[in-house]
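Structure first, then comments.
Numbering (my numbering), first residue to last: -14 to 326.
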């Protein structure tokens, strides 16, 4: 409801252009913008309003999938997984309406599509935060609304793992060996003149993107951990050369293994709606049943009451506490925030 087909500046802020997403095309995005800004210009009010006003068959399913993954429809429905799964129904609904328009099958007293029932979209839970970001990455090419490591920051800090910014600042003082965490974005393997394989691995953390060089021994030992989207902790040699950070990988381990003994803490779950409590309890009970790895800690609900202010409710028992549990709770409707305590 805000973006144009190209990047734009509005009220001093850069607004991401719809055409900047992968596999969408400026022409297809122009159809959407024209429908929103054309005669009787007004924002789209629902997904069905969007389907009525834009000929989605002309836009194409692939561009619509990219829009859903990127969160372009969040203002109409924040459940991106539901929107993605409902695109076939929306495209069919839109095609029927625009077929009516094009064949002049419009009542004197109504608009095209008034006699067509709105399709039912699939009832499904939204993606967990890590899944949501992975889908966003497919559409945008980088992490826009957050980073997959966000829920790991506290245990990583307890394990002495540094961010890219911290490693860079330290390397400016001299060469050093440090631990870093990252989400793998890509890997290119090469052969040296002697026939040994080495690789350039692209990763990112919440502070930026970086590349690590890995020679044959490290590469052979860690190749299985370096698939795109994997989250890892690396030991690296960091140096500055011509004001550029150079990183040489010494070892790699999966992030969950690296933080498994980071120490257990509790979680404070801020609730905007107490009706979310049964769903929170279900996630915690499932974690106990499935013997989820990681430490255990207390869980406290914080509920904002209009008359009494913030009310803390301690569950009186310890539950599995790890970054996946934190992310799963944070994704629930009615949960405002989840913090470690």
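Note that CB positions come from ideal geometry on N, CA and C, so glycine has one too.
Note that the structure is a prediction, hence the values are computed from the model and not measured.
In the DSSP assignment, find the unbroken alpha helix (DSSP H) run with residue i in it and report its ends.
| i | result |
| --- | --- |
| residue 341 | Examination of residue 341 is not possible in this model, given that the chain is present from -14 through 326 alone. |
Do residue i and residue j have their CB atoms nearer than 8 angstroms?
| i | j | result |
| --- | --- | --- |
| residue -6 | residue 3 | no |
| residue 300 | residue 264 | no |
| residue 186 | residue 165 | no |
| residue 63 | residue 132 | no |
| residue 36 | residue 75 | yes |
| residue -14 | residue 33 | no |
| residue 184 | residue 204 | yes |
| residue 326 | residue 272 | no |
| residue 144 | residue 243 | yes |
| residue 18 | residue 57 | no |
| residue 285 | residue 266 | no |
| residue 154 | residue 55 | no |
| residue 170 | residue 188 | yes |
Between which two residues does the beta strand (DSSP E) harbouring residue i extend?
| i | result |
| --- | --- |
| residue 1 | Neither: residue 1 is in no beta strand (DSSP E) and is coded neither H nor E. |
| residue 304 | 294 to 305 |
| residue -7 | -7 to -5 |
| residue -11 | Careful: residue -11 lies outside any beta strand (DSSP E) and carries neither H nor E. |
Out of the options, state which residue places its alpha-carbon closest to the alpha-carbon of residue i.
| i | options | result |
| --- | --- | --- |
| residue 101 | 85, 136 and 113 | 85 |
| residue 280 | 268, 13 and 252 | 252 |
| residue 245 | 213, 305 and 296 | 305 |
| residue 82 | 41, 114, 47 and 322 | 41 |
| residue 233 | 239, 241, 221 and 227 | 221 |
| residue 215 | 22, 115, 323 and -3 | 115 |
| residue 336 | 53, 283 and 211 | There is simply no residue 336 to check, as the chain begins at -14 and stops at 326 in what is shown. |
Have a look at residue i and residue j and give me their C-alpha separation to the nearest angstrom.
| i | j | result |
| --- | --- | --- |
| residue 255 | residue 294 | 13 angstroms |
| residue 79 | residue 73 | 10 angstroms |
| residue -1 | residue -8 | 7 angstroms |
| residue 261 | residue 109 | 16 angstroms |
| residue 275 | residue 121 | 29 angstroms |
| residue 231 | residue 137 | 25 angstroms |
| residue 172 | residue 206 | 15 angstroms |
| residue 168 | residue 12 | 33 angstroms |
| residue 160 | residue 227 | 13 angstroms |
| residue 208 | residue 218 | 13 angstroms |
| residue 162 | residue 113 | 34 angstroms |
| residue 324 | residue 87 | 54 angstroms |
| residue 38 | residue 20 | 6 angstroms |
I believe residue i touches residue j by the beta-carbon criterion, under 8 angstroms. Please report the beta-carbon distance rounded to the nearest angstrom.
| i | j | result |
| --- | --- | --- |
| residue 259 | residue 140 | Not quite, the Cβ-Cβ distance comes to about 29 angstroms (not below 8 angstroms), so this is no contact. |
| residue 16 | residue 44 | 6 angstroms |
| residue 182 | residue 111 | Contact doesn't hold; Cβ gap of about 41 angstroms is too wide. |
Quick check: is the beta carbon of residue i nearer than 8 angstroms to any beta carbon in chain B?
| i | result |
| --- | --- |
| residue 103 | The structure shown contains no chain B; it is built from a single protein chain. |
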